[in-house]
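Asker: Okay, so the sequence shown: first residue is 1034 according to this note's numbering, each after it adds one.
The beta carbon of each residue, even a glycine, is placed where N, CA and C say it ideally should be.
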Amino acid sequence: MAPSRGGPPPEGCAFVLELPSDLRLIESAVGYLAERLRAYRFDGSRLNLNFRVGMAEALANAMIYGNGSDPEKRVRVEVELSPDEVSVQVHDQGAGFDPARVPDPTLPENLDLGGGRGIFLIRTLMDEVRYNDAGNCVHLVLRRAEPRRRASGE
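See the structure below:
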């Protein structure tokens, strides 16, 4: 039963999706996840921009780079919803990587390089981004309310 739209946020829930490494599935998977969040009263640009773009990038990275676009390999998405935030872990079956070695795509010397833009977007749009030690799982957190930014000079 879907939670009602009025009143305080529901307690929360957890669920898992498993997807083959097929880029054609990303749009529908992200749409499904967004609808689940909307049922828990996540809405606005944090859902429609931050969550959708961050998740699409995380899934694409897992499928393309982690699983080498191998349709036999799966991407596991673990979602935990609470009244204050959504926490998502995206696991691939690849060997992993070291995110610290990915060049910053905003530096002048890296502007023409092909990699790092998806990770940059994820880090910019999500409130927390952590990788496991193996580098084959990214943990994303998006809070319901945008964190307060300090004004310059504080």
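Skipping 5 residues on each side, what residues in its chain have a beta carbon closer than 8 Å to that of Asp1055?
Answerer: Met1096 and Pro1104
Asker: Three-state secondary structure (DSSP) at Val1121?
Answerer: In the structure shown, Val1121 sits in a strand (DSSP, three-state: E or B).
Asker: Should the segment 1135-1147 be regarded as contacting the segment 1111-1118, the criterion being three or more beta carbon pairs within less than 8 Å?
Answerer: no
Asker: Please classify Tyr1065 as buried or exposed, where buried requires at least 16 other C-beta atoms within 10 Å of its C-beta.
Answerer: exposed
Asker: Considering only DSSP beta bridges, list what Tyr1164 is partnered with.
Answerer: Val1171
Asker: Would you kindly check if the distance between the Cβ of Gly1149 and the Cβ of Asp1137 is under 8 Å?
Answerer: Cβ distance < 8 Å, so Asp1137 and Gly1149 count as in contact.
Asker: Cα-Cα, which of Ile1155, Arg1057 and Ala1128 is closest to Arg1079?
Answerer: Ile1155
Asker: So Ala1062 and Leu1052 are supposed to be a Cβ contact under 8 Å. How far apart are they, rounded?
Answerer: 6 Å
Asker: Report, in whole angstroms, the separation of the C-beta atoms of Leu1092 and Ile1059, which I expect to be a contact under 8 Å.
Answerer: 5 Å
Asker: Cα-Cα, which of Val1123, Arg1176, Arg1071 and Phe1048 is closest to Asp1117?
Answerer: Arg1176
Asker: My output table needs one value for Leu1146: the three-state DSSP class, helix, strand or coil.
Answerer: coil
Asker: Sorted by chain position, which residues of the same chain lie with C-beta nearer than 7 Å to Gly1101's C-beta, five sequence neighbours on each side aside?
Answerer: Gly1127
Asker: Please determine, among Phe1048, Gly1168, Met1088 and Met1159, the residue with the shortest C-alpha to C-alpha distance to Gly1099.
Answerer: Gly1168
Asker: Using the rule of at least 16 other Cβ atoms within 10 Å of the residue's Cβ for burial, across every protein chain shown, is Phe1048 buried or exposed?
Answerer: exposed
Asker: Considering only residues of the same chain and omitting the five flanking positions on each side of Glu1090, which have a CB-CB separation below 6 Å?
Answerer: Gly1151, Leu1154 and Ile1155
Asker: Using only the alpha-carbon positions, how far apart do Phe1075 and Thr1139 sit?
Answerer: 30 Å
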